[in-house]
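For the record, in the sequence shown the residue sitting at position 301 is 324 according to our numbering, with numbers rising by one throughout. Inspection log for the structure reproduced underneath, given as structure tokens.
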Amino acid sequence: MSSAQKRKAQSPIPEAKSPTVQSPKGQAKSPTPGPASPTPGPASPTPGSASPPPAQSNEPTELLPGAHWGELDIPDDHDSTLGGSDVESSTASISSTILQYRTIKGRTYHNDAVSDTEYWGPNDAKAMEVMDIYHHTMTLMIDEKLYTAPLSKDIKNALDVGTGTGLWAIDFADEFPNCNVIGTDISPIQPSWVPPNLQFNIDDATREWTYQPDFFDYIHIRWLCGTIKDWPSLYKEAYKCLKPGGWIEHMDGDVNFVCLDGTMPKESATYQWGQIWSEVQRKTGVMFNMLDSGCMENGIKEAGFTNIQVEDILAPTTPWSKDEKARQIGLYQGVSLTTDVEGFLNYFCGQVMGWSDNEMANYAAYLRREMKECKIHSNIPWRVVRAQKPLDA
Numbered sequence: 024m025s026s027a028q029k030r031k032a033q034s035p036i037p038e039a040k041s042p043t044v045q046s047p048k049g050q051a052k053s054p055t056p057g058p059a060s061p062t063p064g065p066a067s068p069t070p071g072s073a074s075p076p077p078a079q080s081n082e083p084t085e086l087l088p089g090a091h092w093g094e095l096d097i098p099d100d101h102d103s104t105l106g107g108s109d110v111e112s113s114t115a116s117i118s119s120t121i122l123q124y125r126t127i128k129g130r131t132y133h134n135d136a137v138s139d140t141e142y143w144g145p146n147d148a149k150a151m152e153v154m155d156i157y158h159h160t161m162t163l164m165i166d167e168k169l170y171t172a173p174l175s176k177d178i179k180n181a182l183d184v185g186t187g188t189g190l191w192a193i194d195f196a197d198e199f200p201n202c203n204v205i206g207t208d209i210s211p212i213q214p215s216w217v218p219p220n221l222q223f224n225i226d227d228a229t230r231e232w233t234y235q236p237d238f239f240d241y242i243h244i245r246w247l248c249g250t251i252k253d254w255p256s257l258y259k260e261a262y263k264c265l266k267p268g269g270w271i272e273h274m275d276g277d278v279n280f281v282c283l284d285g286t287m288p289k290e291s292a293t294y295q296w297g298q299i300w301s302e303v304q305r306k307t308g309v310m311f312n313m314l315d316s317g318c319m320e321n322g323i324k325e326a327g328f329t330n331i332q333v334e335d336i337l338a339p340t341t342p343w344s345k346d347e348k349a350r351q352i353g354l355y356q357g358v359s360l361t362t363d364v365e366g367f368l369n370y371f372c373g374q375v376m377g378w379s380d381n382e383m384a385n386y387a388a389y390l391r392r393e394m395k396e397c398k399i400h401s402n403i404p405w406r407v408v409r410a411q412k413p414l415d416a
């Protein structure tokens with residue numbers, strides 16, 4: 024079955040090759056965060072000893088209060104995406120309880136019966152559209168590929184943690200027809216028409232995993248920024264379930280946008296994006312500063328993995344770049360970010376930061392306007408970390 028047939032919502036613009044991957048330690052500050060791929064994934068077998076959440080700084084930030092945005096006149100915001108671009112089932116028998124979603128300010132979220140994790144992402148149609156667009160955006164970043172780990176074609180079992188709408192898992196199952204692929208998430212929003220070698224499970228990756236030890240050849244994690252407090256514990260679960268010699272790969276972005284030419288004022292909505300999520304991290308302990316903290320490579324090393332490889336990608340947030348590859352990535356990433364700004368803000372800004380509906384709406388409108396104008400040359404830092412379980416483990 025073709026990838027096009029499987030997609031519930033196709034990405035907006037014509038396909039393009041992804042931007043260049045920069046060497047690991049990257050020069051610029053890691054930026055973007057955003058949403059995180061919507062749901063976190065599986066639960067599996069052995070509990071690893073939970074590492075304590077990272078210490079949170081009490082130092083004041085440059086965050087502007089919600090009232091700052093509430094007092095401003097809302098800009099003309101007719102176009103919800105960049106340049107007016109037109110981007111606008113559960114998998115098996117699942118208990119009806121799981122489908123009884125929570126509703127917050129008109130948006131639906133996963134049921135607490137599945138996970139009590141504070142996950143910011145809605146699971147409604149608007150949020151699913153963003154996940155589908157970001158799937159394409161992230162493949163562009165790694166040269167239109169699904170993975171970068173050196174996988175053999177005869178792998179038998181693979182796991183996609185936090186599969187979201189399941190597009191990555193579907194494409195991977197098609198590419199590896201003899202591999203048993205499992206995609207896990209806390210929301211049953213995946214399609215039912217999937218390759219025969221793929222199954223979706225409702226699971227919470229932050230709990231003890233229930234898969235047998237030494238089972239998977241490959242574990243894939245992508246865009247779970249803002250979903251996990253204890254990354255070392257999750258990586259230890261993955262380590263337990265991987266076969267010796269198996270690979271783990273984690274791709275994620277940071278919330279702090281990076282600008283290299285001085286076009287991003289601190290009072291801009293674009294700059295404030297990173298300040299908002301850094302403050303949410305300080306208040307909740309949920310990790311948003313994925314690159315600045317080093318939590319990916321450090322947590323993977325702590326879990327016992329070896330042959331750790333790190334690659335950094337600086338991806339434009341809008342199509343401001345003159346480089347064609349970077350411009351295409353910026354086009355898709357901009358649409359991913361602006362299609363549902365309110366979906367990113369609704370839970371944590373409303374429930375944790377105490378922002379009013381008007382303050383969130385005004386901020387979202389200013390961010391969309393700045394991104395549509397492309398005057399601010401911001402980037403989101405992404406990082407790909409892949410590592411191997413030792414053969415003698």
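All C-beta atoms, glycine included, are put in the ideal place defined by N, C-alpha and C. All values reported here derive from a predicted model rather than from experimental measurement.
Exercise. Name the residue from Asn224, Ile299, Gln295 whose alpha carbon lies nearest to the alpha carbon of glycine 377.
Key: Nearest option by C-alpha distance: Ile299.
Practice problem: Quick one: using the 10 Å Cβ neighbour count with 16 as the cut-off for buried, is leucine 314 buried or exposed? | Solution: By the neighbour-count rule (16 or more Cβ atoms within 10 Å), leucine 314 is buried.
Quiz item: Is phenylalanine 367 helix, strand or coil when you go by DSSP?
Solution: Reduced to three states, the DSSP call for phenylalanine 367 is helix.
Quiz prompt | C-alpha gap between valine 408 and glutamate 393, whole angstroms | solution = When the Cα atoms are used, valine 408 and glutamate 393 turn out to be separated by approximately 31 Å.
Practice problem: Quick one: grab the DSSP three-state call for lysine 266. | Solution: Shown here, lysine 266 sits in a strand according to DSSP, grouped into three states.
Quiz item: Relative to the alpha-carbon of lysine 176, which residue among Ala196, Phe223, Glu347, Val281 has its alpha-carbon at the smallest distance?
Solution: Residue Ala196 holds the alpha-carbon nearest to the alpha-carbon of lysine 176 among Ala196, Phe223, Glu347, Val281.
Self-check item: For histidine 273, the three-state DSSP class (helix, strand or coil)
Solution: Strand at histidine 273.
Quiz prompt | Through-space distance from alanine 292 to leucine 221, alpha-carbon basis | solution = Distance between the alpha carbons of leucine 221 and alanine 292: 41 Å.
Quiz item: Would the stretch 330 to 348 and the stretch 257 to 267 be scored as touching if the rule is three or more Cβ pairs under 8 Å?
Solution: Result no; under three Cβ-Cβ pairs closer than 8 Å.
Quiz item: Is it right to say alanine 387 is buried, meaning 16 or more other beta carbons lie within 10 angstroms of its own, or is it exposed?
Solution: Burial call: buried.
Quiz prompt | Segment limits, alpha helix (DSSP H) that includes tyrosine 157 | solution = Here the alpha helix (DSSP H) through tyrosine 157 covers 148 to 164.
Practice problem: Check whether the stretch 206 to 224 touches the stretch 358 to 366, taking contact to mean three or more Cβ pairs, one atom from each stretch, closer than 8 Å. | Solution: Because the criterion of three Cβ pairs below 8 Å is not met, the stretch 206 to 224 and the stretch 358 to 366 do not touch.
Quiz item: Is it a yes or a no for the stretch 236 to 248 touching the stretch 266 to 281, going by three-plus beta-carbon pairs under 8 Å?
Solution: In this structure the stretch 236 to 248 touches the stretch 266 to 281; the number of beta carbon pairs closer than 8 Å is three or more.
Practice problem: Check whether the Cβ atoms of leucine 163 and glutamine 351 lie closer than 8 Å to each other. | Solution: The Cβ-Cβ distance between leucine 163 and glutamine 351 falls below 8 Å.
Quiz item: If you draw a straight line from the alpha carbon of glycine 107 to that of threonine 233, how long is it in whole angstroms?
Solution: Legend: pLDDT at glycine 107 = 43, less than 50; position of this residue unreliable, no value from coordinates given.
Quiz item: Where DSSP assigns a beta bridge to alanine 410, which residues make up the other side?
Solution: Listed as beta-bridge partners of alanine 410 by DSSP are Ile271.
Quiz item: Rounded C-beta distance between methionine 310 and lysine 252? I'm assuming under 8 Å.
Solution: Rounded to the nearest angstrom, the Cβ distance from methionine 310 to lysine 252 is 7 Å, consistent with a contact under 8 Å.
Quiz item: Do you know how far the Cα of leucine 337 is from the Cα of proline 404?
Solution: Cα-Cα distance, rounded: 5 Å.
Quiz item: What's the call for threonine 361, buried or exposed, on a 16-neighbour Cβ count within 10 Å?
Solution: Per the 10 Å Cβ criterion, buried.
Quiz item: Excluding five sequence neighbours on each side, which residues of the same chain lie with their C-beta closer than 6 Å to the C-beta of valine 44?
Solution: The predicted position of valine 44 is uncertain, since its pLDDT is 39 and thus under 50; a value taken from the coordinates is nonetheless stated next. A distance below 6 Å between beta-carbons, with the five flanking residues on each side excluded, links valine 44 to the following residues of its chain, in chain order: Glu334, Ile336.
Practice problem: Kindly list the residues whose CB is nearer than 6 Å to the CB of serine 118, restricted to its own chain and excluding five residues on each side of it in sequence; keep chain order. | Solution: Model confidence at serine 118 stands at a pLDDT of 42, short of 50, so the residue's coordinates are unreliable and nothing is read from them.
Quiz item: Anyone know if the C-beta pair for proline 211 and isoleucine 193 falls short of 8 Å?
Solution: Not a contact, by the Cβ cut-off of 8 Å.
Quiz item: Excluding five sequence neighbours on each side, which residues of the same chain lie with their C-beta closer than 7 Å to the C-beta of lysine 398?
Solution: Closer than 7 Å at Cβ, skipping near neighbours: Thr286.
Quiz item: Would DSSP call alanine 228 helix, strand or coil?
Solution: Coil at alanine 228, not helix or strand.
Self-check item: alanine 384 and isoleucine 156 closer than 8 Å at C-beta
Solution: No. Outside cutoff.
Practice problem: Any chance you could list the beta strand (DSSP E) runs of at least 3 consecutive residues sitting entirely within the stretch 242 to 330, in chain order? | Solution: Correct list: 265 to 276.
Quiz item: Mind checking whether tyrosine 382 and glycine 189 have CB atoms under 8 Å apart?
Solution: In the sequence under discussion, the amino acid at residue 382 is glutamate, which differs from the tyrosine named in the question. No, these two residues do not count as a Cβ contact at 8 Å.
Quiz prompt | Buried or exposed by the 16-neighbour rule on C-beta atoms within 10 Å, applied to glutamate 167 | solution = It counts as exposed.
Quiz item: What is the residue span of the beta strand (DSSP E) that threonine 207 lies within?
Solution: 203 to 208 is the extent of the beta strand (DSSP E) around threonine 207.
Quiz item: Apart from the five residues just before and just after leucine 87, which ones in its own chain have a Cβ nearer than 6 Å to its Cβ?
Solution: Around leucine 87, the same chain offers Gln295 as residues with beta carbons nearer than 6 Å, after the five sequence neighbours per side are excluded.
Exercise. Run through the stretch 338 to 399 for me and flag every whole alpha helix (DSSP H) of 4 or more residues, listed as ranges in chain order.
Key: Correct list: 347 to 361, 364 to 374, 380 to 396.
Quiz item: If we count the other Cβ atoms within 10 Å of its Cβ and call it buried at 16 or more, is glutamate 290 buried or exposed?
Solution: With fewer than 16 Cβ atoms within 10 Å of its Cβ, glutamate 290 is classed as exposed.
Quiz prompt | Cβ neighbours of alanine 51 in the same chain (closer than 8 Å, five flanking residues each side left out) | solution = Its pLDDT being 38, under 50, alanine 51 is placed unreliably by the model, and nothing is read from it.
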